[in-house]
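Chemist: Numbering (full-length UniProt numbering), first residue to last: 1 to 557.
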Ligand SMILES: CC(=O)SCCNC(=O)CCNC(=O)[C@H](O)C(C)(C)COP(=O)(O)OP(=O)(O)OC[C@H]1O[C@@H](n2cnc3c(N)ncnc32)[C@H](O)[C@@H]1OP(=O)(O)O
Ligand SMILES: CC(C)C(=O)C(=O)O
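#1: Thinking residue 233 and residue 265 are a contact (beta carbons under 8 Å), I'd like their distance in whole angstroms, please.
#2: Is it the case that the Cβ atoms of residue 512 and residue 396 are separated by a distance below 8 Å?
#3: Along the beta strand (DSSP E) that carries residue 530, what are the first and last residues, could you check?
#4: If we require 4 or more residues per run, which alpha helix (DSSP H) segments fall completely within the region 431 to 496?
#5: Are the CB atoms of residue 33 and residue 267 within a distance shorter than 8 Å?
#6: First and last residue of the beta strand (DSSP E) that includes residue 81?
#7: Would you please state the rounded distance, in angstroms, between the beta carbons of residue 407 and residue 386? I believe it to be under 8 Å.
#8: Residue 543 and residue 446: beta carbons closer than 8 Å?
#9: Name, in chain order, the residues that DSSP records as bridge partners for residue 34.
#10: Sorted by chain position, which residues of the same chain lie with C-beta nearer than 6 Å to residue 245's C-beta, five sequence neighbours on each side aside?
#11: Quick one: is the Cβ of residue 252 within less than 7 Å of any heavy atom of ligand 1?
#12: Among the residues of its own chain, which have a CB less than 7 Å from the CB of residue 557, if the five just before and after it don't count?
#13: Let me check understanding here. Comparing Cα to Cα, which of 467, 474, 195 and 295 lies closest to residue 450?
#14: Hey, is residue 213 close to ligand 1, as in C-beta under 7 Å from one of its heavy atoms?
#15: For the beta strand (DSSP E) that contains residue 513, what are its first and last residues?
#16: Among 515, 222, 345 and 365, which one has its Cα closest to the Cα of residue 12?
#17: Please determine whether the Cβ atom of residue 128 lies at a distance below 7 Å from any heavy atom of ligand 2.
#18: For residue 355, does the three-state DSSP call read helix, strand or coil?
#19: State buried or exposed for residue 326, treating a residue as buried only when at least 16 other CB atoms are found within 10 Å of its CB.
#20: Does DSSP put residue 378 in a helix, in a strand, or in coil?
#21: Would you report the Cα separation of residue 288 and residue 297, rounded to the nearest angstrom?
#22: How many Å lie between residue 539 and residue 311 at the Cα?
#23: Let me know if residue 154 comes out buried or exposed under the rule of 16 or more other beta-carbons within 10 Å of its beta-carbon.
#24: Using CA atoms only, rank isn't needed, just tell me which of 164, 228 and 141 is closest to residue 131.
#25: Using 8 Å for Cβ pairs, my map puts residue 125 next to residue 180. What's the rounded Cβ distance?
#26: Rounding to the nearest angstrom, what Cα-Cα distance links residue 176 and residue 136 in this structure?
#27: Given that a residue counts as buried once 16 or more other Cβ atoms are within 10 Å of its Cβ, and exposed if not, what is residue 521?
#28: Here's the rule I'm using: 16 or more other beta-carbon atoms within 10 Å means buried, otherwise exposed. How should residue 294 be labelled?
#29: Select from 420, 328 and 517 the residue whose C-alpha is nearest the C-alpha of residue 306.
#30: For residue 217, count the other beta carbons within 10 Å of its own beta carbon; 16 or more makes it buried, fewer makes it exposed. Which is it?
#31: If you scan the region 119 to 186 from start to end, which runs of the beta strand (DSSP E) of 3 or more residues do you find wholly inside it?
#32: Residue 500 bridges to which residues according to DSSP?
#33: Can you round the beta-carbon distance between residue 105 and residue 150 to whole angstroms, since I take them to be within the 8 Å contact cut?
#34: Alpha carbons only, please: which of 103, 89 and 342 is nearest the one belonging to residue 72?
#35: Can you tell me which of 231, 292, 42 and 50 puts its alpha carbon nearest to the alpha carbon of residue 29?
#36: Tell me which residues share the same chain as residue 367 and place their Cβ nearer than 7 Å to its Cβ, disregarding the 5 neighbours each side in the sequence.
So this is what it looks like as structure tokens:
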């Protein structure tokens with residue numbers, strides 16, 4: 001027996017903010033994004049990225065349109081250091097992109113960080129130290145004042161080092177690391193101390209980044225923390241308030257969204273949420289959430305499959321098939337009622353109108369997904385989905401009554417197969433069920449003549465070595481054939497449903513004819529295909545009779 005015992009865990013404190021403003025706000029525009037894939041993402045990998053992988057990911061981040069990219073922790077390893085040098089020395093940083101590097105507020109590491117940046121046109125130096133209660137008490141064994149001293153000395157050193165490189169345009173960022181576990185008044189105190197050194201103004205701002213290093217509360221509490229901080233910090237107008245959320249409780253995206261409502265200007269995160277433990281905030285999801293609300297995310301994510309491939313290649317981590325927007329299955333419906341609604345909405349959609357398709361929050365085509373994946377068939381599927389696949393892939397536009405008839409065959413097959421039934425298998429089942437009914441009568445030659453508005457039909461039926469010559473009459477050739485078959489089989493036959501269409505647009509297209517007959521009180525479906533529409537109709541009738549009555553019964557007739 002383990003010690004599974006919830007009493008070991010204290011509840012997170014809430015924030016007293018009775019006049020909180022964020023719940024009534026709406027997201028109106030994209031925040032300023034910063035990708036931390038090459039730093040926070042990289043530091044969490046089983047095998048940190050090689051130089052080649054970093055290069056590949058860098059190119060992808062630039063292609064997506066990130067303007068701020070944290071490229072590493074240059075004081076941590078020669079790999080990180082060399083990567084920064086490579087970007088600078090080989091002129092790989094586009095004019096509108098600013099690189100960012102992370103350093104702890106430690107003298108030796110700050111010096112090395114600046115050395116790595118020599119010659120860069122513009123850079124963000126991101127300095128942090130831990131501020132939470134648990135870090136102060138258990139890791140650093142320091143009072144608040146000691147922690148403020150670390151932050152302040154780090155800030156001073158950053159300022160001094162920057163002065164040595166006057167040709168570079170510097171932007172400074174400070175993170176009270178573990179902000180989510182820091183008392184709010186202390187978070188404000190330590191940030192104010194840093195900003196007293198940097199003296200940011202609206203013209204020369206500084207970034208203050210408020211990380212949920214560990215996600216410890218519900219997103220509304222994080223939003224309260226951000227709003228409280230924004231109201232109490234000094235020099236708010238000179239600050240770019242940034243968020244950096246992790247996903248320990250599975251709410252990193254929600255926390256960042258609410259944090260922006262609460263007043264933040266900027267969001268750090270990674271593609272697909274790679275990062276420490278449960279990951280960083282997933283920028284793809286947050287950006288696509290904005291997109292799905294009609295807001296320009298200011299990131300290009302239309303080549304989603306390529307982005308996924310790059311992330312996989314660089315992190316060696318899979319992307320979950322149900323990952324929001326990106327996963328292989330997120331635009332796929334297996335269940336019958338969803339398929340039915342999607343099929344109907346897609347059929348009725350008007351490109352001039354806003355997107356309105358049940359179960360599809362965005363048009364999959366926007367991110368390079370085809371409609372091929374939208375409806376897939378298994379034992380949970382219904383007639384609508386099966387009909388959709390038959391029409392989309394094979395041109396058969398089944399009337400509703402035939403959809404109902406055919407779905408039973410697919411359902412039985414799916415249950416026996418215990419898996420997905422792909423499009424070719426559905427076509428095979430359709431042919432086996434209606435077009436290749438073995439052992440039945442087949443249509444031979446026939447002659448139609450018309451007198452006094454009545455069609456007379458003479459037709460040969462063949463089966464094995466047997467041949468029968470039948471005659472019938474009626475109002476139209478279909479009625480005449482039903483009449484002939486009724487005489488031949490001795491059964492009561494009534495034509496209930498009839499529908500037809502061409503199988504393709506070309507002049508020599510085959511026609512398909514769908515038939516429902518009432519035979520001795522029971523309804524039976526048939527399908528006929530031929531280059532000739534009359535023959536397709538007769539084949540359809542014969543198919544329904546062969547399927548219903550069986551060749552023995554007919555033979556006996
Ligand atoms: C939440 C985040 O993601 S923050 C970013 C975390 N990222 C990383 O750590 C990845 C890169 N890190 C590294 O490569 C290394 O940890 C380094 C280079 C930063 C430091 O390595 P080391 O010097 O070997 O120290 P190590 O990481 O083992 O331990 C931290 C030490 O620094 C001390 N320390 C931490 N912050 C500070 C600070 N701001 N000032 C002074 N000392 C500090 C700790 O108390 C500890 O000291 P101790 O060894 O006397 O107990
Ligand atoms: C350095 C900070 C921003 C960080 O990575 C975190 O707190 O998760």
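Backbone N, C-alpha and C define an ideal beta-carbon position, used for all residues, glycine too.
Modeler: This is what the structure holds:
#1: Not a contact, Cβ separation roughly 13 Å.
#2: Contact annotation: residue 512 and residue 396 have beta-carbon atoms nearer than 8 Å.
#3: Run containing residue 530: 522 to 530, per the beta strand (DSSP E) assignment.
#4: When DSSP assignments are scanned along the region 431 to 496, the uninterrupted stretches of alpha helix (DSSP H) that are 4 or more residues long and fall wholly within it turn out to be 477 to 489.
#5: If you check the CB distance, residue 267 and residue 33 come in under 8 Å.
#6: Boundaries around residue 81 are those of the alpha helix (DSSP H), 78 to 89, since no beta strand (DSSP E) includes it.
#7: About 5 Å; that satisfies the 8 Å criterion.
#8: Going by C-beta atoms, residue 543 is not nearer than 8 Å to residue 446.
#9: According to DSSP, residue 34 bridges with 268.
#10: So the qualifying residues of the chain are 212, 252, 255, 256 and 281.
#11: No, the beta carbon of residue 252 sits no closer than 7 Å to any heavy atom of ligand 1.
#12: Note that residue 557 has pLDDT 46, beneath the 50 cutoff, so the model's placement of it is unreliable and the number below is only indicative. By the criterion of a C-beta distance shorter than 7 Å, residue 557 is surrounded in its chain by 488, 489 and 490, once the five residues flanking it on both sides are discounted.
#13: The shortest C-alpha to C-alpha distance from residue 450 to any of 467, 474, 195 and 295 is the one to 474.
#14: At least one heavy atom of ligand 1 is nearer than 7 Å to the Cβ of residue 213, so yes.
#15: Counting along the chain, the beta strand (DSSP E) containing residue 513 begins and ends at 511 to 519.
#16: Of 515, 222, 345 and 365, the smallest CA-CA separation from residue 12 is found for 222.
#17: Yes - ligand 2 has a heavy atom lying nearer than 7 Å to the Cβ of residue 128.
#18: DSSP places residue 355 in coil when its eight states are reduced to three.
#19: By the beta-carbon neighbour count (other beta carbons within 10 angstroms, threshold 16), residue 326 is buried.
#20: Coil at residue 378, not helix or strand.
#21: Looking at the two C-alpha atoms, the distance is approximately 7 Å.
#22: Residue 311 has its alpha-carbon roughly 54 Å from the corresponding atom of residue 539.
#23: By the C-beta density criterion, residue 154 is buried, having at least 16 other C-beta atoms within 10 angstroms.
#24: The option with the nearest alpha carbon to residue 131 is 141.
#25: Between residue 125 and residue 180 a beta carbon distance of about 23 Å is seen, past the 8 Å cut, so the two are scored as non-contacting.
#26: One Cα belongs to residue 176, the other to residue 136, and the distance between them is close to 12 Å.
#27: Exposed, by the Cβ-count rule.
#28: It is exposed - the Cβ of residue 294 has fewer than 16 other Cβ atoms within 10 Å.
#29: For the residues 420, 328 and 517, the minimum Cα distance to residue 306 belongs to 328.
#30: Classification for residue 217: buried.
#31: Restricting attention to beta strand (DSSP E) runs no shorter than 3 residues, the region 119 to 186 encloses them at 122 to 130 and 169 to 177, ordered along the chain.
#32: DSSP lists 513 as partners of residue 500.
#33: Yes, residue 105 and residue 150 are in contact; Cβ-Cβ is about 5 Å, under 8 Å.
#34: When each option's Cα is compared against that of residue 72, the closest is 103.
#35: Between residue 29 and the set 231, 292, 42 and 50, the nearest pair of CA atoms involves 292.
#36: Hits under 7 Å: 301, 302, 304 and 325.
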